[in-house]
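Visitor: Be aware that the sequence shown starts at -8, since it is given in the working numbering, and climbs by one per residue.
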Amino acid sequence: MKLNYKRTILVGFCFFLITAFWQAYDATIPVILTNKFGMSQTWSGVIMALDNILAVFMLPIFGALSDKCRAKRGKRTPFITIGTTIAAIALFSLSYVDHIQLQNISDVAAIDDPAALEVIYDTQKDKELLTPEGEKFVLSQKFSKEEFMAIRSNQITEGSRDSNYTSFVVPARQAYAHERTSQQPYALILFIVILLVVLVSMSTFRSPAVALMPDITIKPLRSKANAVINLMGTAGGILVLVLGMVFATSAVRNSMMSYTAFYGVIAGIMLGSLAIFLLTVREKAWADQMKEDSIRYGIEEEKEDGQKNGLSSGEKRSLILILMSIALWYFGYNAVTSKYAVYAGNILQKDYNTTLLLAQAAAIISYLPAGMIASKIGRKKTILAGVVMLAIAFGAAGFMRADSPTWIMNLLFALAGIAWATINVNSFPMVVEMCSGGDIGKYTGFYYTASMAAQIVTPMLSGFLMDRMGMTVLFPYAAIAVVLALVTMIFVKHGDAKVESKVGLEAFDFDD
-8 MKLNYKRTIL
2 VGFCFFLITA
12 FWQAYDATIP
22 VILTNKFGMS
32 QTWSGVIMAL
42 DNILAVFMLP
52 IFGALSDKCR
62 AKRGKRTPFI
72 TIGTTIAAIA
82 LFSLSYVDHI
92 QLQNISDVAA
102 IDDPAALEVI
112 YDTQKDKELL
122 TPEGEKFVLS
132 QKFSKEEFMA
142 IRSNQITEGS
152 RDSNYTSFVV
162 PARQAYAHER
172 TSQQPYALIL
182 FIVILLVVLV
192 SMSTFRSPAV
202 ALMPDITIKP
212 LRSKANAVIN
222 LMGTAGGILV
232 LVLGMVFATS
242 AVRNSMMSYT
252 AFYGVIAGIM
262 LGSLAIFLLT
272 VREKAWADQM
282 KEDSIRYGIE
292 EEKEDGQKNG
302 LSSGEKRSLI
312 LILMSIALWY
322 FGYNAVTSKY
332 AVYAGNILQK
342 DYNTTLLLAQ
352 AAAIISYLPA
362 GMIASKIGRK
372 KTILAGVVML
382 AIAFGAAGFM
392 RADSPTWIMN
402 LLFALAGIAW
412 ATINVNSFPM
422 VVEMCSGGDI
432 GKYTGFYYTA
442 SMAAQIVTPM
452 LSGFLMDRMG
462 MTVLFPYAAI
472 AVVLALVTMI
482 FVKHGDAKVE
492 SKVGLEAFDF
502 DD
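As structure tokens, then:
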């Protein structure tokens, strides 16, 4: 049996545009909320958590709704088309609201402009402000006006920016932006309303888009196909990272930039990817062919509308256990990815970018091999190997300190990247393996409910433990969560692809 890589890549354009969107969203929305609207990190975090909160409820609903859709182009395509179009238009609309807010704070928006610095100082000099580290200060007690106006974001001293800019100018500017937003809140209200439209639109088609891969892929090949889908998603994220470098979205000089051009390009990528999908993907025909092949080769019995009579008690138990496993390894992995930047600076005193990039590179290299290995030894065994590797990586990382060799931490993160690819590629196919074609959208929603719920809770729980027990608890916390996932995964008895051909295994040696 051979995977049709061309079809899988074309279907993968949905995941490509989804990942491209989220990469741009996560990189820019927090900056807009804090820098331009003067929102606190706490409230900015609440808004940034809205997508996960909405996903927990909406992904299962729209996954199940797409299962029942009987549109001419297929049951997933209408959701993908409408959701992507609305999300792209709404995202571009956000840039206009962003521009309105820039006009509201135009007197302080210019970086390193003496007039802007003078306004900031005059309005904030006697107020109690907070540094990014949470320390209170009064501006006039720290600097005279002349000293404050001498601080520059681009001042270079022995290769580093003046730390006073980040510690004092940025909080003062954000406090001014907060005051102006309180006086004229209409821009923030409009921004939040459009942001909700964006998030709801994205939630309507994520489950249908992901469910499309198993819709058109015969069961034993879904791990390989999921590897290709993950690579397409990674490509979308990398493209936006490159665009971020081109637009210099992370540069200090552009911290108050207008995002009209950047969001326009992102919306164009989303709509362009959608156009490729609509012009090339034949969802209904490919899904019908998959059903015919499944029946022909004895993988699934012929049933009306692709339905079966529900899960057995053993299958239900396995489904619950694998969803618990998914939640637990996300508890561990997401805690590390969301807190590592702070941990690296305070405990390891090292640059965190290199280690995170190594983890991502290792994962990219491992996607396809992970799918191929699973087709040989089974998904469960492959996932268990990945969970063991992840537990070892996090457990060993817990012993690393500032005087530990950097290459060891880099090696451990590379191992974590390989482990995560091994787990991620095979876990979703195990969930949808237990359902028939008529329920794939609903089961896709189950998968995302488990993962999203964990991603909502674990940053707060790990942060609480780090506050109470010290930052060094991060990796032990992550390792324990992963070990618990290993325990629950051991008892999963269903979800592996089982090829029971009626005409012999040699019948699968075809290339569609």
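We put the CB at the ideal spot given by N, CA and C, even for glycine.
Please say whether M204 and V422 have beta carbons closer to each other than 7 Å?
Guide: Counting from one through the sequence shown, the residue named residue 422 turns up at place 431. Counting from one through the sequence shown, the residue named residue 204 turns up at place 213. No. Outside cutoff.
Visitor: Which residue wins for smallest C-alpha separation from Q165, given the options M480, G29, T122, I355?
Guide: For the purposes of this step, residue 165 is taken as the residue at position 174 of the sequence shown. Ranking the options by Cα distance to Q165, first place goes to G29.
Visitor: Assign G297 to one of two classes, buried (16 or more other C-beta atoms within 10 Å of its C-beta) or exposed (fewer than that).
Guide: Taking the first residue of the sequence shown as position 1, residue 297 is located at position 306. For G297, the predicted structure reports a pLDDT of 45, less than 50, and the residue's modelled location is therefore unreliable. The matter cannot be settled from this model.
Visitor: With DSSP collapsed to three states, give me the class of F482.
Guide: Translated into positions along the sequence shown, residue 482 becomes position 491. Collapsing the DSSP output to three states places F482 in coil.
Visitor: Threshold first: 3 residues or longer. Then list the beta strand (DSSP E) segments lying entirely within the region 294 to 367, N to C.
Guide: none
Visitor: Restricting to runs no shorter than 4 residues, where is the alpha helix (DSSP H) found entirely within the region 210 to 241?
Guide: 213 to 238
Visitor: What is the rounded straight-line gap between the Cα of F83 and the Cα of F482?
Guide: By one-based count along the sequence shown, residue 83 stands at place 92. By one-based count along the sequence shown, residue 482 stands at place 491. Approximately 47 Å, taken between the alpha carbons.
Visitor: I need the DSSP call for K(-7), collapsed to helix, strand or coil.
Guide: The count along the sequence shown starts at 1 and reaches residue -7 at position 2. Here DSSP, grouped into helix, strand and coil, assigns K(-7) to strand.
Visitor: Helix, strand or coil: which one does DSSP assign to V129?
Guide: Taking the sequence shown and counting its residues from 1, one reaches residue 129 at position 138. Here V129 sits in strand by DSSP.
Visitor: Exposed or buried, what is K367 when buried is set at 16 or more other beta-carbons lying within 10 Å of its beta-carbon?
Guide: Reading the sequence shown from its first residue, position 376 is the one you call residue 367. So K367 counts as exposed.
Visitor: Whole angstroms are fine: how far does the CA of M223 sit from the CA of F385?
Guide: One-based indexing of the sequence shown puts residue 385 at position 394. One-based indexing of the sequence shown puts residue 223 at position 232. If you draw a straight line from the Cα of F385 to the Cα of M223, it comes to about 27 Å.
Visitor: DSSP puts L120 in a beta bridge; with which residues?
Guide: Here residue 120 refers to the residue found at position 129 when the sequence shown is read from its first residue. Partner(s): F128.
Visitor: Whole angstroms is fine: what's the gap from K275's alpha carbon to M39's?
Guide: In the sequence shown, counting from the first residue as 1, residue 275 sits at position 284. In the sequence shown, counting from the first residue as 1, residue 39 sits at position 48. Spanning the two alpha carbons is a distance of roughly 36 Å.
Visitor: So the candidates are F437, Y321, I447; which of them puts its Cα closest to the Cα of L477?
Guide: As a first step, residue 477 must be located in the sequence shown, where it is residue number 486. Answer by Cα proximity: Y321.
Visitor: So does the region 453 to 468 actually touch the region 271 to 285, counting three or more Cβ pairs closer than 8 Å?
Guide: no
Visitor: Counting C-beta neighbours from all protein chains within 10 Å, is the total for P176 16 or more, i.e. buried, or is it exposed?
Guide: On the sequence shown, position 185 is the one that residue 176 refers to. By the neighbour-count rule (16 or more Cβ atoms within 10 Å), P176 is not buried but exposed.
Visitor: Quick one, are the C-beta atoms of M425 and L312 less than 7 Å apart?
Guide: Here residue 425 corresponds to residue number 434 of the sequence shown, with the count starting at 1. Here residue 312 corresponds to residue number 321 of the sequence shown, with the count starting at 1. If you check the CB distance, M425 and L312 do not come in under 7 Å.
Visitor: For the alpha helix (DSSP H) holding T463, just list the boundary residues, first then last.
Guide: Sequence index remark: in the sequence shown, residue 463 carries index 472 (1-based). T463 -> no alpha helix (DSSP H), and no H or E assigned at all.
Visitor: Enumerate in chain order the residues of its own chain whose CB-to-CB distance from P51 is below 6 Å, with the five nearest sequence positions on each side excluded.
Guide: The residue you call residue 51 lines up with position 60 of the sequence shown. Here the set comprises G436, T440.
Visitor: Out of curiosity, what's the CA-to-CA distance linking L507 and H90?
Guide: Not covered by the structure: residue 507. The range shown for the chain is -8 to 503.
Visitor: Could you work out which residue in T76, Y334, Y167, S303 is closest to P467 when comparing CA atoms only?
Guide: Along the sequence shown, read from residue 1 onward, the residue named residue 467 stands at position 476. P467 has its Cα closest to that of Y334, out of T76, Y334, Y167, S303.
Visitor: Does DSSP classify T208 as helix, strand or coil?
Guide: In the sequence shown, the residue the question calls residue 208 occupies position 217. In the structure shown, T208 sits in coil (DSSP, three-state: anything other than H, G, I, E or B).
Visitor: Note the first and the last residue of the continuous alpha helix (DSSP H) segment covering A11.
Guide: In the sequence shown, the residue the question calls residue 11 occupies position 20. Counting along the chain, the alpha helix (DSSP H) containing A11 begins and ends at 4 to 22.
Visitor: Give the single residue among P420, S303, I317 whose Cα lies nearest to the Cα of A361.
Guide: Here residue 361 corresponds to residue number 370 of the sequence shown, with the count starting at 1. Checked all of P420, S303, I317; the closest Cα to A361 is P420.
Visitor: For K118, which residues from the same chain have a beta carbon less than 8 Å from its beta carbon, with the 5 sequence-adjacent residues on both sides left out?
Guide: Numbered from its first residue, the sequence shown carries residue 118 at position 127. Excluding residues within five positions, the ones whose Cβ falls inside 8 Å are V129, L130, A166.
Visitor: Could you tell me whether the Cβ atoms of I431 and A202 are closer together than 7 Å?
Guide: For the purposes of this step, residue 431 is taken as residue 440 along the sequence shown, with counting starting at 1. For the purposes of this step, residue 202 is taken as residue 211 along the sequence shown, with counting starting at 1. Going by C-beta atoms, I431 is nearer than 7 Å to A202.
Visitor: Just checking my contact of A11 with G228 at CB under 8 Å: how many whole Å lie between their CB atoms?
Guide: As a working mapping, residue 11 is identified with position 20 in the sequence shown. As a working mapping, residue 228 is identified with position 237 in the sequence shown. Your pair A11 and G228 checks out as a contact, with CB atoms roughly 7 Å apart and the cut at 8 Å.
Visitor: Just to confirm, is the Cβ distance from S192 to A78 under 7 Å?
Guide: One-based indexing of the sequence shown puts residue 192 at position 201. One-based indexing of the sequence shown puts residue 78 at position 87. Result yes, Cβ atoms of S192 and A78 sit closer than 7 Å.
Visitor: From T505 to M480, what distance separates their C-alpha atoms?
Guide: No statement about residue 505 is possible, as the shown extent of the chain runs from -8 to 503 and does not include it.
Visitor: For the alpha helix (DSSP H) containing P69, list its first residue and its last residue.
Guide: Taking the first residue of the sequence shown as 1, we reach residue 69 at position 78. Element bounds for P69: 68 to 95.
Visitor: Who are the Cβ neighbours of A405 in its own chain at under 6 Å, not counting the five residues just before and after it?
Guide: To locate residue 405, count along the sequence shown from 1; it is residue 414. Taken in chain order, the residues that qualify are L349, A353.
Visitor: Counting along the chain, where does the alpha helix (DSSP H) carrying G389 start and finish?
Guide: Working through the sequence shown from its first residue, we reach residue 389 at position 398. It is not in any alpha helix (DSSP H) - G389 carries neither H nor E in the DSSP assignment.
Visitor: Would a C-beta distance cut-off of 7 Å place K341 and T413 closer than the cut-off?
Guide: Here residue 341 refers to the residue found at position 350 when the sequence shown is read from its first residue. Here residue 413 refers to the residue found at position 422 when the sequence shown is read from its first residue. Not a contact, by the Cβ cut-off of 7 Å.
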